[in-house]
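In our numbering, the protein residues as written are 5 to 112.
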């Protein structure tokens, strides 16, 4: 399984040709804790900004807080629980994302 650190590194490499980009991490963890974990990676993000926000991808207000409707891509990572529970949670997150509207248009 791809680690979150590896994923951030690969996204940074992909964004390098664009002069960087913005990656927003929304997780049910403390914001400062996530930022410390990212700082420990000791990796040059090549112009990509990584923004951490504490919240749930299952809560519409939290999704709007991170401007999910303006995202170019959304990655839903599997949890470290059993496969069935992880798949069920990922499906619920995708359904939450489907409920976000931008200008009256449903995002899929």
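Built from N, CA and C at the ideal position, the CB exists for glycine as well.
Coil, strand or helix - residue i by DSSP
{"i": "residue 58", "result": "strand"}
{"i": "residue 71", "result": "coil"}
{"i": "residue 82", "result": "coil"}
Chain-order list of residues whose beta-carbon lies under 6 Å from that of residue i (same chain, five-residue window excluded)
{"i": "residue 51", "result": "23, 24"}
{"i": "residue 20", "result": "50"}
C-beta contact flag for residue i and residue j at 8 Å
{"i": "residue 64", "j": "residue 78", "result": "no"}
{"i": "residue 49", "j": "residue 16", "result": "yes"}
{"i": "residue 73", "j": "residue 104", "result": "yes"}
{"i": "residue 58", "j": "residue 35", "result": "yes"}
Unbroken alpha helix (DSSP H) run spanning residue i, endpoints
{"i": "residue 30", "result": "Counting along the chain, residue 30 falls outside any alpha helix (DSSP H), though it belongs to the beta strand (DSSP E) covering 26–31."}
{"i": "residue 17", "result": "8–20"}
{"i": "residue 42", "result": "35–43"}
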